[in-house]
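First to last, the sequence lines map onto chains A and B.
Counting in my numbering, the first sequence runs from 52 upward without gaps.
Counting in my numbering, the second sequence runs from 52 upward without gaps.
All C-beta atoms, glycine included, are put in the ideal place defined by N, C-alpha and C.
These numbers were taken from a predicted model, which means no experiment stands behind them.
Protein chains: 2
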Amino acid sequence: MTDPTRVLIIDDHPLFRRGLSQLLELARSFALVGEAASGQEGIELARRLDPDLILLDLNMTGMSGVETLSTLRDLGIESRIILVTVSNAPEDLVAAIRAGADGYILKDNEPDEMLALIDAAMHGRTAISPELTSLLATALREERIVEQRSQVALTERETAILKYLAAGMSNKLIARELDIMEGTVKVHIRNLLKKLKFRSRVEAAVWAVANGLS
Amino acid sequence: MTDPTRVLIIDDHPLFRRGLSQLLELARSFALVGEAASGQEGIELARRLDPDLILLDLNMTGMSGVETLSTLRDLGIESRIILVTVSNAPEDLVAAIRAGADGYILKDNEPDEMLALIDAAMHGRTAISPELTSLLATALREERIVEQRSQVALTERETAILKYLAAGMSNKLIARELDIMEGTVKVHIRNLLKKLKFRSRVEAAVWAVANGLS
DNA sequence: ACATAACTACCCATTAAGGGGTAGATCGCC
DNA sequence: GGCGATCTACCCCTTAATGGGTAGTTATGT
Numbered sequence: 052m053t054d055p056t057r058v059l060i061i062d063d064h065p066l067f068r069r070g071l072s073q074l075l076e077l078a079r080s081f082a083l084v085g086e087a088a089s090g091q092e093g094i095e096l097a098r099r100l101d102p103d104l105i106l107l108d109l110n111m112t113g114m115s116g117v118e119t120l121s122t123l124r125d126l127g128i129e130s131r132i133i134l135v136t137v138s139n140a141p142e143d144l145v146a147a148i149r150a151g152a153d154g155y156i157l158k159d160n161e162p163d164e165m166l167a168l169i170d171a172a173m174h175g176r177t178a179i180s181p182e183l184t185s186l187l188a189t190a191l192r193e194e195r196i197v198e199q200r201s202q203v204a205l206t207e208r209e210t211a212i213l214k215y216l217a218a219g220m221s222n223k224l225i226a227r228e229l230d231i232m233e234g235t236v237k238v239h240i241r242n243l244l245k246k247l248k249f250r251s252r253v254e255a256a257v258w259a260v261a262n263g264l265s
Numbered sequence: 052m053t054d055p056t057r058v059l060i061i062d063d064h065p066l067f068r069r070g071l072s073q074l075l076e077l078a079r080s081f082a083l084v085g086e087a088a089s090g091q092e093g094i095e096l097a098r099r100l101d102p103d104l105i106l107l108d109l110n111m112t113g114m115s116g117v118e119t120l121s122t123l124r125d126l127g128i129e130s131r132i133i134l135v136t137v138s139n140a141p142e143d144l145v146a147a148i149r150a151g152a153d154g155y156i157l158k159d160n161e162p163d164e165m166l167a168l169i170d171a172a173m174h175g176r177t178a179i180s181p182e183l184t185s186l187l188a189t190a191l192r193e194e195r196i197v198e199q200r201s202q203v204a205l206t207e208r209e210t211a212i213l214k215y216l217a218a219g220m221s222n223k224l225i226a227r228e229l230d231i232m233e234g235t236v237k238v239h240i241r242n243l244l245k246k247l248k249f250r251s252r253v254e255a256a257v258w259a260v261a262n263g264l265s
């Protein structure tokens, strides 16, 4: 048998730490090496212990779970990190995944299921409670709605000007480039902002760059 | 008991159509109203029959599954559409979800599981084979913009403000976000523009986005 | 104790950008 | 011919952004 997985638990609820550690004991292949009651303390311990797995509570007073996670990753901690939470809010999940979580488990999952998910995370997969899968899909789909901006019919001139905008050029420069009056450029900018529902050239430029219209 | 779910199957493999239809027969709550062996034929039938559910093969010769799906959605077909496939390639999955799929099921799933997923899709959830969940997470994570500290020495505040700039925000909004005066934001902007040798916030924002500074 | 850097806040000024309008020229289409 | 879309150009005005200055506070290191 291989060495047990060295686990650190970060949660400000003593009772839940207790529950988790008992669950891990049951599974026998885990060794609890540390417990922390706050993000700061958890970060300290993580640096000192370099555990294989960190179980991290999302909803903590003071430093939140996602903040703690970000800090851990910034510090170069490469442990598998699983967020344990009662929240099924999409934004929490997406934020956690983006911040580098390896898993996202609901506290009310069955113990069996939790162990299975933890196991999945330890084997390199991203472990997410099945109830949350559709949330991920929704998050992806919402980005698709943003893409509908690219479906809006810009005229040839507007598209050209958006490209110059995405290069960071001022109205004056664009006018010189296209050999038209600056006022005319303003008209086109005004129209394209309205069509794409942007409130400023900066928003439009940022969007264009991020969507490869450079 | 409610009316059976009216199903259309689009797949160019006769054998698999057969298998699917038998599976649905078993479940009793489905009525197969049409079968198509190609994307074109499927679109025809979908328009005529307006089924409740469309099971669509991803890997078809000629018109692909995703193409067919896009066309169906463009035509205003509002049936639940589940892609059935052998592919576990992330890009296929992401493309399908983006194109408006309500589900994505692997052909080698157990019949029980397939029925459960189809049922989930019919109840408004996005049904995705559990094996694919981590792919979705990965897709999301790759879009996570990693902060790349540039070699130029920006202060902490300037870096923070550059991020907001890269989000297209105005001085006023940034000030509100950071809870400082708009004039102070202007100072920081002025300083960072000078340090990075930009002539406008748009140039800075465009550069920041292109260089992955969220 | 002193110097420095960073953050804050305000003063001044000019230019850039955004939002509304009218209007002429050109082109394709019913 | 008339209609609508597009591109052009100008009018108006308000707001946003930029570039310069001084200056107080805090923290950090010499």
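Report task. Decide if N222/B is buried, meaning its Cβ has at least 16 other Cβ atoms within 10 Å, or exposed. Result -> Buried, by the Cβ-count rule.
**Report entry** Cβ contact (3+ pairs, closer than 8 Å) linking the stretch 79-97 of chain B and the stretch 139-159 of chain B
**Finding:** As far as the Cβ criterion goes, the stretch 79-97 of chain B does not touch the stretch 139-159 of chain B, which means the pair count is below three.
Query raised in the report: Any idea which residues DSSP pairs D108/A with across the strands?
Result: Residue pairing by DSSP puts D108/A in a beta bridge opposite V135/A.
Query raised in the report: What are the boundary residues of the beta strand (DSSP E) that E86/A is part of?
Result: Going by DSSP, E86/A is part of the beta strand (DSSP E) stretching over 81-87.
Query raised in the report: So what does G116/A bridge to, in DSSP terms?
Result: BP columns for G116/A are empty, so no partner.
Query - Best match in Q91/A, Q73/A, A211/A, G154/A for proximity to M173/A [C-alpha to C-alpha] - result: Of the candidates Q91/A, Q73/A, A211/A, G154/A, the residue whose Cα lies closest to the Cα of M173/A is G154/A.
Report task. Determine the DSSP secondary structure at T56/B, reduced to helix, strand or coil. Result -> For T56/B, the three-state secondary structure derived from DSSP is strand.
Query raised in the report: What first and last residue would you give for the beta strand (DSSP E) that runs through I156/A?
Result: Membership of I156/A in the beta strand (DSSP E) is indicated by the continuous run 154-157.
Report task. Enumerate in chain order the residues of its own chain whose CB-to-CB distance from S121/A is below 6 Å, with the five nearest sequence positions on each side excluded. Result -> Once the five neighbours on either side are set aside, the close Cβ partners of S121/A are A150.
Report task. Could you work out which residues of chain B lie near R252/A, taking near to mean beta carbons separated by less than 7 Å? Result -> Ordered by position in chain B, the residues that pass the 7 Å Cβ test against R252/A are V253.
Query raised in the report: Mind pulling the chain B residues with CB within less than 8 Å of A218/A?
Result: Per Cβ cutoff of 8 Å: V257.
Report task. Taking only the alpha-carbon atoms, compute the straight-line gap between A167/B and M232/B and give it to the nearest angstrom. Result -> Linking A167/B to M232/B through their CA atoms gives a straight-line distance of about 55 Å.
Report task. State yes or no: is the C-beta of T136/A within less than 8 Å of the C-beta of D170/A? Result -> Here T136/A is not near D170/A, since their CB atoms are 8 Å or more apart.
Query raised in the report: For S130/B, which residues of its own chain have a beta-carbon under 8 Å away from its beta-carbon, when the five flanking residues on both sides are left out?
Result: Correct list, in chain order: L59, A97, D101, P102, D103, L104, I105, L123.
**Report entry** Contacts of V260/B in chain A (Cβ-Cβ under 7 Å)
**Finding:** Result: V257, V260, A261.
Requested in this report: Can you grab the Cα-Cα spacing for the pair L229/B / E209/B, in whole Å?
Outcome: Looking at the backbone, the Cα of L229/B and that of E209/B are separated by about 12 Å.
Query - Beta-carbon gap between I179/B and T184/A smaller than 8 Å - result: At the C-beta level, I179/B and T184/A come within 8 Å of one another.
Requested in this report: State the Cα-Cα distance for the pair G70/A and D62/A, rounded to the nearest angstrom.
Outcome: Cα-Cα distance, rounded: 11 Å.
Query raised in the report: Beta-carbon of T119/B versus every beta-carbon of chain A: anything under 8 Å?
Result: With 8 Å as the cut-off, T119/B does not count as an interface residue toward chain A.
Query raised in the report: Where do the N-terminal and C-terminal ends of the alpha helix (DSSP H) with A255/A fall, by residue?
Result: Its alpha helix (DSSP H) spans residues 252-261.
**Report entry** Spatial neighbours of L75/B in its chain, beta-carbon cut-off 7 Å, leaving aside the 5 residues before and after
**Finding:** Closer than 7 Å at the Cβ level, and outside the excluded window around L75/B, lie V58, F81, L83.
Query raised in the report: Out of curiosity, what's the CA-to-CA distance linking K248/B and A211/A?
Result: Looking at the backbone, the Cα of K248/B and that of A211/A are separated by about 26 Å.
Query raised in the report: Of all the options L186/A, R252/A, T177/A, which has the alpha carbon lying nearest to the alpha carbon of R176/B?
Result: Answer by Cα proximity: L186/A.
Query raised in the report: Taking a cut of 7 Å between CB atoms, which residues from the stretch 154-184 of chain B lie near chain A?
Result: So the close ones are R176, T177, I179, P181, T184.
Report task. Taking C-beta pairs closer than 7 Å, name the residues in chain B that L243/A reaches, listed in chain order. Result -> Correct list: empty, because the minimum Cβ distance to chain B is about 14 Å.
Requested in this report: For S72/B, decide whether its Cβ has a neighbour in chain A, counting only Cβ atoms nearer than 8 Å.
Outcome: Nearest CB-CB separation between S72/B and chain A: not below the 8 Å threshold.
Query raised in the report: Of all Cβ atoms in chain B, is any one closer than 8 Å to the Cβ of S138/A?
Result: It does not: the Cβ of S138/A has no partner Cβ on chain B nearer than 8 Å.
Query raised in the report: Per DSSP, what kind of secondary structure is A171/A in: helix, strand or coil?
Result: The three-state secondary structure of A171/A, taken from DSSP, is helix.
Query raised in the report: In chain A, which residues lie less than 7 Å from S221/B when you measure between Cβ atoms?
Result: Residues of chain A passing the Cβ test: S251.
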